[in-house]
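Chemist: Once you've had a glance at the structure underneath, I'll fire off some questions.
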Amino acid sequence: MGGSGIILWYNIIMAYLFNPTIEAFGIDISDLSIKIAKLSDKKGNLTLTSYGRANIPAGIIDKGKIQKEDELVNLIKESVNNVEGEKLKTDFVVCSLPEQEAFVMTIQLPLLKISEIREAAKWKLEEYIPLKIEEVYFDYFTIEPLRKNLDHMDVLIGALPKKIVNDYVDVLKKSGLKIKAMEIESVATSRALIKDGFSAMPVFIIDIGAQRTSFTIFLGHAPILTTSSRISNNYLFEVMTDKFPISRNEVKKLKFESGLDDPKSGKDITEALNEPLSELVFDILKYIDFYKSYSSHKHGASECVSEIILCGGGANFSGLDLFLTQKIGIPVKLGNPWVNILKGSQQSVCPILKDSDTEVPPIVFNESFGYATALGLALYGIK
């Protein structure tokens with residue numbers, strides 16, 4: 001399958017089959033929030049025309065599983081109607097699907113004809129997932145190799161339980177929306193953060209969300225590993241709340257304004273968060289080691305992760321990038337969700353703030369880290 005990501009189709013809208021250029025907006029639905037992003041292409045220049053964020057009360061979605069359908073439908077309708085910027089003029093969406101319920105893996109197959117790949121991928125998938133193949137929707141695409149004349153092909157597979165996908169489809173339809181595509185979170189996030197969708201060196205993406213942290217290793221044209229850690233933005237905040245006898249608002253300021261590198265309070269914060277931060281570092285190093293074993297079949301790729309990119313709301317934790325750089329020994333920097341959208345953007349966020357030739361996005365930069373997945377979905381929706 002073509003394209004730059006795993007696309008999990010479900011009853012593809014016939015209008016889309018006949019008009020694949022139809023525009024759609026991205027909607028990122030997580031356990032605790034809905035984020036919307038709509039891009040427009042004006043003579044080759046992409047601009048963010050509509051965006052919005054709404055909180056989802058606890059219990060409506062639990063670990064990616066929809067628990068209260070009617071309440072979620074109402075929240076989606078409100079979010080769509082209350083976007084910032086231009087009113088949405090399309091009801092087609094590219095929607096995220098929960099990473100924690102997904103199976104994403106890169107497999108190797110012998111060199112096959114295009115017509116043979118899907119069946120071979122299906123049988124290979126059965127070896128790795130704890131569900132019957134009849135119980136999942138899956139899709140795949142062949143990864144363009146970094147080196148020619150290989151004796152095999154790499155295929156990226158994404159699969160999700162049918163029950164999960166069906167529930168999201170039902171909610172979107174009841175919200176009055178039409179599905180252009182549904183996509184696993186890590187694929188959309190990678191599309192937003194990786195310049196032109198290609199990296200010759202392996203890049204480790206850390207998406208620190210409210211309830212979990214997602215890890216993605218991206219190489220070439222696709223993610224080759226996705227997994228997660230229990231250490232989340234909310235978890236770090238709650239630990240700090242327990243350790244410091246101050247109000248929750250003061251804890252927020254301590255975390256996001258002072259942070260780990262503050263001359264006065266940085267040491268105290270680091271000590272208070274010693275256990276969860278150590279666990280986070282351990283998880284990162286574990287999956288970097290896993291990548292090294294994966295890369296042993298080569299392709300001309302480096303065995304060493306070249307850089308680590310932070311995104312998600314937790315990327316705003318002041319000093320976390322420097323802390324992880326020191327502990328892991330690999331450069332860690334804040335991701336730039338605008339790198340494939342705004343002219344003049346670089347991989348790092350900092351040059352955007354300083355470069356007068358670079359467009360300024362309507363979303364405040366610190367908030368845009370949390371929009372990475374929504375912007376990645378919007379990029380698919382416009383292209």
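All residue numbers for the sequence shown refer to this note's numbering, where the first residue is 1 and numbers rise by one.
Ideal Cβ placement from N, Cα and C applies to all residues, glycine included.
#1: Secondary structure at Thr227, three-state DSSP: helix, strand or coil?
#2: For Pro337, name the three-state secondary structure that DSSP assigns.
#3: With burial defined as no fewer than 16 other Cβ atoms inside 10 Å of the residue's Cβ, what is the status of Pro263: buried or exposed?
#4: Select from Glu250, Ile208, Ile179 the residue whose C-alpha is nearest the C-alpha of Arg230.
#5: Name the one or two DSSP bridge partners that Ile61 has.
#6: Whole angstroms are fine: how far does the CA of Leu111 sit from the CA of Phe138?
#7: What are the boundary residues of the beta strand (DSSP E) that Arg53 is part of?
#8: On the three-state DSSP scale, how would you describe Tyr140?
#9: Report, in whole angstroms, the separation of the C-beta atoms of Thr49 and Gly26, which I expect to be a contact under 8 angstroms.
#10: Applying the criterion that 16 or more other CB atoms from any shown protein chain within 10 Å of the CB defines a buried residue, is Gln400 buried or exposed?
#11: Could you check how far apart the C-beta atoms of Pro223 and Ser306 are, in whole angstroms? I think they sit under 8 angstroms.
#12: Which one or two residues does DSSP pair with His221 in a beta bridge?
#13: Expressed to the nearest angstrom, what Euclidean distance is found between the alpha-carbon atoms of Cys350 and Ala200?
#14: May I have a chain-ordered list of the alpha helix (DSSP H) segments no shorter than 4 residues that lie completely inside the region 254-328?
#15: Taking only beta-carbon atoms, is Gln326 less than 7 angstroms away from chain E?
#16: How far does the beta strand (DSSP E) with Asp151 in it reach, from first residue to last?
#17: Among the candidates Asp62, Ser30, Asn45, whose CA atom is the shortest distance from the CA of Leu97?
#18: Let me check understanding here. Comparing Cα to Cα, which of Val281, Lys292, Val80 lies closest to Leu219?
#19: Is there contact here, the region 40-56 with the region 69-89, by at least three beta-carbon pairs under 8 angstroms?
#20: What would DSSP say about Leu353, mapped onto helix, strand or coil?
#21: Would the region 330-346 count as touching the region 271-278 if we require 3 or more Cβ pairs under 8 angstroms?
#22: When the distance is taken between beta carbons, is Ile157 closer than 7 angstroms to Ala121?
#23: Find the nearest neighbour of Gly319 within the set Glu257, Val136, Ala54, Thr90, judged by alpha-carbon distance.
#24: Determine the closest residue to Thr325 out of Asp261, Pro362, Ser265, Gly312, with distance taken between C-alpha atoms.
Modeler: So, from the data block:
#1: Here Thr227 sits in strand by DSSP.
#2: Coil.
#3: With fewer than 16 other Cβ atoms within 10 Å, it is exposed.
#4: Comparing C-alpha distances from Arg230 to each of Glu250, Ile208, Ile179 shows the shortest one belongs to Ile208.
#5: The beta-bridge partner set that DSSP reports for Ile61 consists of Ile66.
#6: Their Cα atoms are separated by approximately 21 angstroms.
#7: Judged by DSSP secondary structure, Arg53 falls within the beta strand (DSSP E) whose first and last residues are 45-55.
#8: Three-state DSSP puts Tyr140 in a strand.
#9: That pair is no contact at about 12 angstroms.
#10: Residue 400 lies beyond the residue range present for the chain, which begins at 1 and ends at 383; the question has no answer from this structure.
#11: Not really, about 15 angstroms apart at Cβ, beyond 8 angstroms.
#12: Within the DSSP bridge table, the entry for His221 names no partner.
#13: With a pLDDT of only 40 at Cys350, under 50, the local geometry of the prediction cannot be trusted, and the value read off the model is given with reservation. The C-alpha of Ala200 is placed about 23 angstroms away from the C-alpha of Cys350.
#14: As summarised for the region 254-328, the continuous alpha helix (DSSP H) elements at least 4 residues long and confined to that stretch are 266-272, 274-294, 320-328, given in chain order.
#15: Of the protein chains in this structure there is only one, and it is not chain E.
#16: No beta strand (DSSP E) contains Asp151, which DSSP labels as neither H nor E.
#17: Residue Ser30 is the option with its Cα nearest to Leu97.
#18: Scanning Val281, Lys292, Val80 for the CA closest to the CA of Leu219 turns up Lys292.
#19: By the Cβ rule, the region 40-56 counts as touching the region 69-89, because three or more pairs are nearer than 8 angstroms.
#20: Because Leu353 sits at a pLDDT of 41, beneath the cut-off of 50, its placement in the model cannot be relied upon, and the point is left open.
#21: Flag = no, the region 330-346 and the region 271-278 do not touch.
#22: Here Ala121 is near Ile157, since their CB atoms are less than 7 angstroms apart.
#23: Nearest to Gly319 by alpha-carbon distance, out of Glu257, Val136, Ala54, Thr90, is Glu257.
#24: With distances taken between Cα atoms, Thr325 lies closest to Asp261.
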